[in-house]
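Numbering (the numbering used here), first residue to last: 24 to 219. Here the structure comes first, spelled out in structure tokens, and everything after it is commentary.
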């Protein structure tokens, strides 16, 4: 569980969200089965710093000097400048399983790359079910197992914590080592235009 010193304040709904943004704040919502739905805000710089460090899982935050455990559920960005304009934090019951997504972190170097192989990544995150306190920050994918072109790592090959249930097929490929020529062919197929 992370403690990233996120300090939120209650937000007055009589004041427009854009007004808060112009003053350097990001509006958001904190919600959950035990607290209902609470409009909140935080200084933009503080939330940006938090967002850079947060990966997944539970984190501790405070709202008007009261401590909570939450999960960052959604972040909305401005379509033109990619600035953060809104966020949702879910405060779960710690005794009930939830569904969430965790990132896959690729570690090591595939020996097959020296033979001309290229990594083709099919999954970058996994949907899982578990208690909020059991959410891993990431699930690691050991690339050193990819020794030759054609080798794949599947969901079933991953080291999943015992208290975590993966909600996609164990036969799904996570990453495959393919020949560089295949990458070029796929790129040409993508960029070619159909004849009239």
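We put the CB at the ideal spot given by N, CA and C, even for glycine.
Residue 104 has its alpha-carbon roughly 25 Å from the corresponding atom of residue 53. Closest in C-alpha terms to residue 203, from the list 108, 136, 151, comes 136.
Minimum Cα-Cα distance from residue 155 among the listed residues 189, 94, 190 corresponds to 94. Here the alpha carbons of residue 138 and residue 121 stand approximately 43 Å from one another. Residue 78 holds the alpha-carbon nearest to the alpha-carbon of residue 161 among 78, 132, 131. Taking residue 140 as the centre and dropping the five residues before and after it, the same chain places the C-beta of 172, 200 closer than 6 Å to its C-beta, in chain order. For residue 45, the enclosing alpha helix (DSSP H) covers residues 40 to 45. Residue 55 places its beta carbon 9 Å or farther from that of residue 125.
Remark: C-beta atoms of residue 51 and residue 62 approach each other more closely than 9 Å. Taking C-alpha positions only, residue 97 is separated from residue 58 by approximately 18 Å. Here residue 130 is exposed. Its C-beta has fewer than 16 other C-beta atoms within 10 Å. Beta-bridge annotation (DSSP): residue 66 is paired with 48. Take the alpha-carbon of residue 45 and the one of residue 119: they are about 39 Å apart.
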